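If you want our numbering, it's the 1-based position in the sequence shown plus 1243.
Using N, Cα and C, we set each Cβ at its ideal position, and we do this for glycine too.
Please read all numbers here as calculations on a predicted model, not as lab measurements.
A short write-up of the structure that comes next.
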Amino acid sequence: MATENKNLSEYDKNTIPNAKDFRFGIVVSEWNETITEGLYNGAFDALIDCEVPAQQIIRWNVPGSFELIYGAKKMLQTQNVDAVIVIGCVIQGETKHFDFVCEGVTQGIKDLNVQTDIPVIFCVLTDNNMQQSIDRSGGVHGNKGTEAAIAAIKMAYIRQQASISHSFNQPLLSSGAIQIEETPITIEKE
């Protein structure tokens, strides 16, 4: 398992960009509410720990994980956010419903990331049983919500940095780096 030797709640604040000016949206599925509330609490607490003011965190609830796509889309369209975290939990049952929901949600969130300029962070547990979900929503493996919040901060920062335009008139080197040549400045005396 990917989380077997990793605590999802561990992060080094020294490696995380300053998040105090960012605004985050969190869309939470009401299905498997015990799990999704644990994930939300992990995400919220991590954002607060990284100095995001509580009033800059917007929460919307949707009925289930499939509805996360629409909720995230509407949040992207109507709220001034720097990143959106979608939180859900789908647990394997006896039918193929699990496969259809997991595939649909995954593709829908991927599509939002391709179609919009605001990162949407996938925090949807797709576990075989309830115990695996408990273990990843504040249990023995930590909290996937915490990990998602840290990813949201990092992606909001990347978006911010990418929007800062730089103009360089110098050609690229063969390595892909930009060569900056110093131009002497002449100061005329009167």
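Query: In the structure shown, what three-state DSSP assignment does Arg1302 receive?; Result: strand
Query: Based on the DSSP output, what are the partners of Gly1388 in its beta bridges?; Result: DSSP, once it has assigned bridges, lists no residue as partnering Gly1388.
Query: Could you name the residues of the same chain whose beta carbon sits closer than 8 Å to that of Arg1402, not counting the 5 residues immediately before and after it, in chain order?; Result: Asp1325, Ala1326, Asp1360, Ile1361, Pro1362
Query: Within 10 Å of its beta-carbon, does His1384 have 16 or more other beta-carbons around it, so buried, or fewer, so exposed?; Result: buried
Query: For the alpha helix (DSSP H) that Leu1368 lies in, which residues bound it at each end?; Result: First-last for Leu1368: 1363-1370, but that is the beta strand (DSSP E), not the alpha helix (DSSP H).
Query: How far does the alpha helix (DSSP H) with Ser1376 in it reach, from first residue to last?; Result: 1373-1379
Query: Look at the Cβ atom of Asn1386, then the Cβ atom of Leu1282, and state whether they are nearer than 8 Å.; Result: yes
Query: From Gly1382 to Ile1269, what distance separates their C-alpha atoms?; Result: 21 Å
Query: Compare the C-alpha of Lys1353 against each of Val1329, Ser1272, Gln1404, Gln1299 and name the closest.; Result: Val1329
Query: For Gly1331, list the residues DSSP reports as bridge partners.; Result: Val1367
Query: Let me check one thing: in DSSP terms, what residues is Phe1267 bridge-paired to?; Result: Ile1300, Ala1326
Query: Do the segment 1296-1313 and the segment 1254-1270 make contact, defined as three or more Cβ pairs closer than 8 Å?; Result: yes
Query: Comparing alpha-carbon positions, which option in Val1348, Val1357, Pro1306, Gln1358 lies nearest Cys1366?; Result: Val1348
Query: Does Phe1287 pass the burial test, meaning 16 or more other C-beta atoms within 10 Å, or should it be called exposed?; Result: buried
Query: Tell me the rounded alpha-carbon separation between Thr1258 and Glu1337.; Result: 43 Å
Query: State the CB to CB distance for the pair Tyr1400 and Pro1306, rounded to an integer number of angstroms; the pair is presumed to be in contact (CB under 8 Å).; Result: With a Cβ gap of about 32 Å, Tyr1400 and Pro1306 do not count as contacting.
Query: Quick one: measure Cβ to Cβ for Gln1335 and Phe1341, integer angstroms, because I've assumed they're closer than 8 Å.; Result: 5 Å
Query: Near Lys1397, which residues of its chain fall below 8 Å by C-beta distance, leaving aside the five closest residues on each side in sequence?; Result: Ile1259, Pro1260
Query: Would you mind sorting Val1357 into buried or exposed? The rule is 16 or more other CB atoms within 10 Å of its CB.; Result: exposed
Query: Contact check, Lys1256 vs Cys1293 under 8 Å by CB: the rounded distance?; Result: 7 Å
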